[in-house]
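This report refers to the structure that appears directly beneath it.
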Amino acid sequence: MNYNNFYDNSIQNPIDFWKEEANKLKWSKYPNEILKQNENGHYTWFVDGEINLSRLILEENINAGRGKQNAILYDSPVTGIKQKITYNELHDKVSRFAGGLTKLGLQKGDAAIIYMPMVPEALIAMIACARIGVIHSVVFGGFAAPELAIRIDDAQPDVIISASYGIEIDKKINYKPLVDEAVKNTLYKPKHHIYFEREGHTDDLSAEHIHTFDDMYKHEPIDAIELPSTHPLYILYTSGTTSTPKGVVRDTGGYATALNATMKYFYDVQPGDTILTASDIGWVVGHSYIVYGPLLYGATTVLYEGKPIRTPDAGAFWRMVEEYKIKNIFTAPTAIRAIRKEDPNGDLFKKYDTSSLKKLFVAGERCDTSTYYWLKDITQKPVIDHWWQTESGWPMLGICNGLEEKIPEPGSAGLPVFGYDIKVINEEGEEQNANIEGSIVIKLPLPPGFMSSLWRNEHRFIKAYFQQYSGYYLTGDGGYKDENGFVFITGRTDDIINVAGHRLSTATMEELVSSHPDVTECAVIGIKDELKGQIPIGLIVTKTDTSKSEEEIEKDLAQLIRNEIGAIACFKTAIQVQRLPKTRSGKILRKTLAQIPDGVSLTIPSTIDDPTILEEIIHEFSRRKIGVAFETV
Numbered sequence: 001m002n003y004n005n006f007y008d009n010s011i012q013n014p015i016d017f018w019k020e021e022a023n024k025l026k027w028s029k030y031p032n033e034i035l036k037q038n039e040n041g042h043y044t045w046f047v048d049g050e051i052n053l054s055r056l057i058l059e060e061n062i063n064a065g066r067g068k069q070n071a072i073l074y075d076s077p078v079t080g081i082k083q084k085i086t087y088n089e090l091h092d093k094v095s096r097f098a099g100g101l102t103k104l105g106l107q108k109g110d111a112a113i114i115y116m117p118m119v120p121e122a123l124i125a126m127i128a129c130a131r132i133g134v135i136h137s138v139v140f141g142g143f144a145a146p147e148l149a150i151r152i153d154d155a156q157p158d159v160i161i162s163a164s165y166g167i168e169i170d171k172k173i174n175y176k177p178l179v180d181e182a183v184k185n186t187l188y189k190p191k192h193h194i195y196f197e198r199e200g201h202t203d204d205l206s207a208e209h210i211h212t213f214d215d216m217y218k219h220e221p222i223d224a225i226e227l228p229s230t231h232p233l234y235i236l237y238t239s240g241t242t243s244t245p246k247g248v249v250r251d252t253g254g255y256a257t258a259l260n261a262t263m264k265y266f267y268d269v270q271p272g273d274t275i276l277t278a279s280d281i282g283w284v285v286g287h288s289y290i291v292y293g294p295l296l297y298g299a300t301t302v303l304y305e306g307k308p309i310r311t312p313d314a315g316a317f318w319r320m321v322e323e324y325k326i327k328n329i330f331t332a333p334t335a336i337r338a339i340r341k342e343d344p345n346g347d348l349f350k351k352y353d354t355s356s357l358k359k360l361f362v363a364g365e366r367c368d369t370s371t372y373y374w375l376k377d378i379t380q381k382p383v384i385d386h387w388w389q390t391e392s393g394w395p396m397l398g399i400c401n402g403l404e405e406k407i408p409e410p411g412s413a414g415l416p417v418f419g420y421d422i423k424v425i426n427e428e429g430e431e432q433n434a435n436i437e438g439s440i441v442i443k444l445p446l447p448p449g450f451m452s453s454l455w456r457n458e459h460r461f462i463k464a465y466f467q468q469y470s471g472y473y474l475t476g477d478g479g480y481k482d483e484n485g486f487v488f489i490t491g492r493t494d495d496i497i498n499v500a501g502h503r504l505s506t507a508t509m510e511e512l513v514s515s516h517p518d519v520t521e522c523a524v525i526g527i528k529d530e531l532k533g534q535i536p537i538g539l540i541v542t543k544t545d546t547s548k549s550e551e552e553i554e555k556d557l558a559q560l561i562r563n564e565i566g567a568i569a570c571f572k573t574a575i576q577v578q579r580l581p582k583t584r585s586g587k588i589l590r591k592t593l594a595q596i597p598d599g600v601s602l603t604i605p606s607t608i609d610d611p612t613i614l615e616e617i618i619h620e621f622s623r624r625k626i627g628v629a630f631e632t633v
């Protein structure tokens, strides 16, 4: 199938295009009104349809003869546990758990917070909520109590579903004390708590309002209830420009339609294939491509409770490819850089039979060309970078492998995915020519599966995404298109720095810095400068076996930037650090890094993986006397 024709049809005839895709699902009531424009100027898909995603995952796959096929392959090197769950077994557990939720009084429209590690019980809880119309909000397991409390007060759940503990490589994080502390500090008090009891737990679960997964499984299984297509499936909180997280709301029918299409046309997956999405259910990638996408489509999903390295080594992904005959891997560039640092020559990759592996997908942050070529050279497999957001729920840029085998443009996030009319515009809203940078926006209507609103905050929804440019969704990212239509994401629009009147992209500088043979990871930020307004500096993580000093690498990088961008970049400083601060999903906290030398009061995001890293970096800035905050040190 030709990508260009398929894509053009999705943009020029969206109603007919998405009606055909919706018809590939088994609706209890097929929608007649495919697209409706609302009073506020926005759009709703499949308004009068009725569907249930749990039924599509379970009954429909079983009816198609996949009952004995593995739905979930659980692999936990941190506990030594492996488990296979078929679609039949998943159906029994989900329908009984849903029956238990009903006995607790939960019903359509109620909310549940799921605060769990990467265990099968987390997926069971999610799909059980979908079965009875309970809106789930998955919060990353181990989130600090104050952040969990914010989400409880916003989502107002009737139940919190959790587990005894999570495991971070070599340490346990006890969840119940965190849940108890969070609830103690909330205005809204959930009526019930449900815990999955992990081996060796010491929790007191004797209180009347506390139940266990074993208790829930004792209930009679119940059927899925049919829901309006527009019924919220989940709330997923993402960072906002204020301290209050944004609760992205996803509908049911549009999401199911979009995911079903991407499994075939984008990820080139067939029912029965096995895929590994090395993310977490607390993030949108986990929702879409660990849980709902693969299971809706009749594939087998690998649920991995481990890290790309140190569980036990940098060959973890490749070991699973051999063991489970994995077809596709989807992970973050951060994970690949970590693997590269530990296994630069790919010796661990060569150790395993990876003949089943067909493609590797990366997303989460921009994949630099150095990392791209390393992964491609080591694996000899296609590497597909792609770009999307919590708000979109599925890819917006990439290569649609199920349509046409196009060769990716290294450094690019790919071509627009079907349904997304992506433009690059300037501050006046005028479309930019090829290779001219601007703001990335998407022309309305947005395709099915995109966020339908922000939870309990329609005003913020309009203001944050649609107010700046009428008729467009504002992604908040900057970039440009080349002559062939490939889109390059240069970073958030606030990652553009102004050096003596020149607008420069720190992402472009990062691309160059990361190409240095001794650099494994980097971040380039703009800091205040009295003469030039801003100047860039780099923070670099180097290979453990490098023979060069910090000063030598710094000189190399300064000359490289001067050669490739020019003296106007004023890049002179590269600070060597042991690690970079990131969110739990692997995104480098560049905005937070820039606040340190500028003397701004730090805004530490709730999603930070390890706050102690910032102390180390503050020390390094002080040591080098960099930035207005350290001028007198």
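Reminder that position 282 of the sequence shown reads as 282 in full-length UniProt numbering, one-by-one numbering, no gaps. Backbone N, C-alpha and C fix where the C-beta goes; we use that ideal spot for every residue, glycine too.
Taking all protein chains shown into account, do 16 or more other C-beta atoms lie within 10 angstroms of the C-beta of residue 617, making it buried, or fewer, making it exposed? The residue in question, residue 617, is buried, as its Cβ has 16 or more Cβ neighbours within 10 Å.
Residue 661 classed as buried or exposed, judged by whether at least 16 other C-beta atoms fall within 10 angstroms: No information on residue 661 is available, as it lies outside the stretch 1 to 633 that the chain covers here.
### Secondary structure, beta strand (DSSP E): runs of 3+ residues fully inside the region 504–556
Listed in chain order, the complete beta strand (DSSP E) runs (minimum 3 residues) inside the region 504–556 are 519–529 and 533–542.
- Item | residue 385 (DSSP reduced to helix, strand or coil) | Strand at residue 385.
Item to check | Cβ-Cβ separation, residue 178 to residue 148 (assumed contact under 8 Å), whole Å | outcome: The pair is a contact, with the Cβ atoms about 6 Å apart (cut-off 8 Å).
Alpha-carbon to alpha-carbon, residue 57 and residue 507
Approximately 40 Å between the Cα atoms of the pair.
Worksheet entry | residue 320 classed as buried or exposed, judged by whether at least 16 other C-beta atoms fall within 10 angstroms | Looking at its Cβ environment, which holds 16 or more other Cβ atoms inside 10 Å, residue 320 is buried.
Quick one: Cα of residue 16 to Cα of residue 69, how far? The straight-line gap from Cα to Cα measures roughly 34 Å.
**OP:** Under 8 Å by Cβ, that's how I've got residue 216 and residue 162 pegged, so tell me the actual separation to the nearest angstrom.
**Re:** Going by Cβ atoms, the distance from residue 216 to residue 162 rounds to 13 Å, so no, they are not a contact pair.
Quiz item: What residues in its chain sit with their C-beta under 7 Å from that of residue 634, if we drop five residues either side in the sequence?
Solution: As shown, the chain starts at 1 and ends at 633. That puts residue 634 outside it, with no answer to give.
Can you tell me the Cα-Cα spacing of residue 210 and residue 186, whole angstroms?
If I take the Cα positions, the gap works out to 18 Å.
Practice prompt. Please name the residue or residues paired with residue 275 in a DSSP beta bridge.
Written response: Checking the DSSP bridge columns, you'll see residue 275 partnered with 301 and 328.
Residue 174: which of 301, 197 and 587 sits nearest, CA to CA? Nearest option by C-alpha distance: 197.
Go ahead and pull the three-state DSSP assignment for residue 26. Residue state, collapsed to three classes: coil.
Is the region 420–428 close to the region 273–292, with three or more CB pairs under 8 Å?
Contact between the region 420–428 and the region 273–292 is absent, because fewer than three Cβ pairs lie under 8 Å.
Practice problem: Rank 584, 604, 579 and 585 by C-alpha distance to the C-alpha of residue 636 and give the top, closest one. | Solution: With the chain represented from 1 up to 633, any question about residue 636 goes unanswered, as that position is not in the structure.
When the Cα of residue 377 is compared with those of 565, 53, 398 and 350, which residue comes out closest? Looking at the Cα atoms, 350 is the closest of the given residues.
Let me know if residue 28 comes out buried or exposed under the rule of 16 or more other beta-carbons within 10 Å of its beta-carbon. With fewer than 16 Cβ atoms within 10 Å of its Cβ, residue 28 is classed as exposed.
Checklist entry - Which residue spans inside the region 15–96 form an unbroken beta strand (DSSP E) run of at least 3? => result Fully enclosed beta strand (DSSP E) runs of 3 or longer: 35–37, 43–45, 70–76 and 81–86.
query: Rounded to a whole number of angstroms, what is the C-alpha to C-alpha distance between residue 4 and residue 195?
result: Approximately 49 Å between the Cα atoms of the pair.
Please report the straight-line C-alpha distance between residue 231 and residue 624, rounded to a whole angstrom.
Each residue's alpha carbon lies about 55 Å from the other.
When you compare only the Cα positions, how much space is there between residue 119 and residue 71? Distance between the alpha carbons of residue 119 and residue 71: 14 Å.
* **Of the listed residues 6, 428, 45 and 333, nearest to residue 254 (C-alpha basis)** => Between residue 254 and the set 6, 428, 45 and 333, the nearest pair of CA atoms involves 45.
Query raised in the report: By how many angstroms is the C-alpha of residue 279 removed from the C-alpha of residue 502?
Result: If I take the Cα positions, the gap works out to 38 Å.
Query raised in the report: Just reading off the beta strand (DSSP E) that residue 163 is part of, what are its end residues?
Result: In the DSSP assignment, residue 163 falls within the unbroken beta strand (DSSP E) covering 159–163.
Note to self: According to DSSP, is residue 261 part of a helix, a strand, or is it coil?
What the structure shows: Judged by DSSP in its simplified three-state form, residue 261 adopts helix.
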